[in-house]
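Chemist:
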Amino acid sequence: MTARTLPLATILLLALFLAACATTSGTQVSDDDLGQITKGETTYSEVIERLGEPDSTKTTGEGRMIAYNYSEARPGLLSYVPYASALSKTDTEYRVVYIFFDDSDVVREVQVEDGGSESGTSL
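At position 47 of the sequence shown (counting the first as 1) the number is 31 in the numbering used here, and the numbers step up by one without a gap.
#1: So if DSSP puts residue 77 in a beta bridge, which residue, or which two residues, is it bridged to?
#2: Please classify residue 68 as buried or exposed, where buried requires at least 16 neighbouring CB atoms within 10 angstroms.
#3: Determine contact between the stretch 18 to 26 and the stretch 44 to 51, defined as no fewer than three beta-carbon pairs at a distance below 8 Å.
#4: Using the C-alpha atoms, what's the distance from residue 91 back to residue 44?
#5: Assuming residue 10 is part of the alpha helix (DSSP H), what are its boundary residues?
#6: Among 94, 58, 38, which has the Cα closest to the Cα of residue 84?
#7: Can you name the start and end residues of the beta strand (DSSP E) that residue 40 belongs to?
#8: From residue 35 to residue 20, what distance separates their C-alpha atoms?
#9: Does the beta-carbon of residue 81 have 16 or more other beta-carbons within 10 angstroms, so that it is buried, or is it exposed?
#10: Which of helix, strand or coil does DSSP assign to residue 47?
#11: Residue 97 and residue 77 - do their beta-carbons sit closer together than 8 Å?
#12: Got a sec, what are the start and stop residues for the alpha helix (DSSP H) residue 37 sits in?
Listed below in C-alpha cells is the structure:
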C-alpha cells in the first residue's frame, strides 16, 4: 500500500469493525423455526423443545399464549467519536413471535410482529 491509501484503508477497516458492534436481547426466532410449527398439530412441548423457553407466558380462557421477543440495536459510527456521539443515530430492529395454544396445548395461531426504529439526532 502507498502512503496515500493506508489512511483510507485504515478508516474503512475501522468503519467495518465498528459497524459490526450490535447489542441484542431476547430469543431470536427465524422464519425457518416458524416453518417447523404447524397449526393444529404442533404441541406446546414440541415448540419449547425447538425454540427454547419463551420470554413470557400468559394463560387466557382460550388457552395459553407464549411470546419470544428479540431486538438488535446498532449504533451509528458517530457513537464512537468523542464529542460527536450526541449526534449519532441508533437503528433498532425487533421481532416478536406470539404462539397461541388451545386448551389441549396444540398450536392454534402464530403471529409475527417485525419492526424497526431509528433514534438519535440527525444533522
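Just so it is clear, CB atoms sit at the ideal spot from N, CA and C, and this is done for glycine as well.
Modeler: Looking at the coordinates:
#1: 56, 100
#2: Its pLDDT being 49, under 50, residue 68 is placed unreliably in this model, and the value from its coordinates should be taken loosely. Exposed, because fewer than 16 other Cβ atoms sit within 10 Å of the Cβ of residue 68.
#3: no
#4: 14 Å
#5: Looking at the DSSP string, residue 10 is not in any alpha helix (DSSP H); the run it does join, the beta strand (DSSP E), is 7 to 10.
#6: 94
#7: 40 to 44
#8: 10 Å
#9: buried
#10: strand
#11: no
#12: From DSSP, residue 37 is part of no alpha helix (DSSP H); its letter is neither H nor E.
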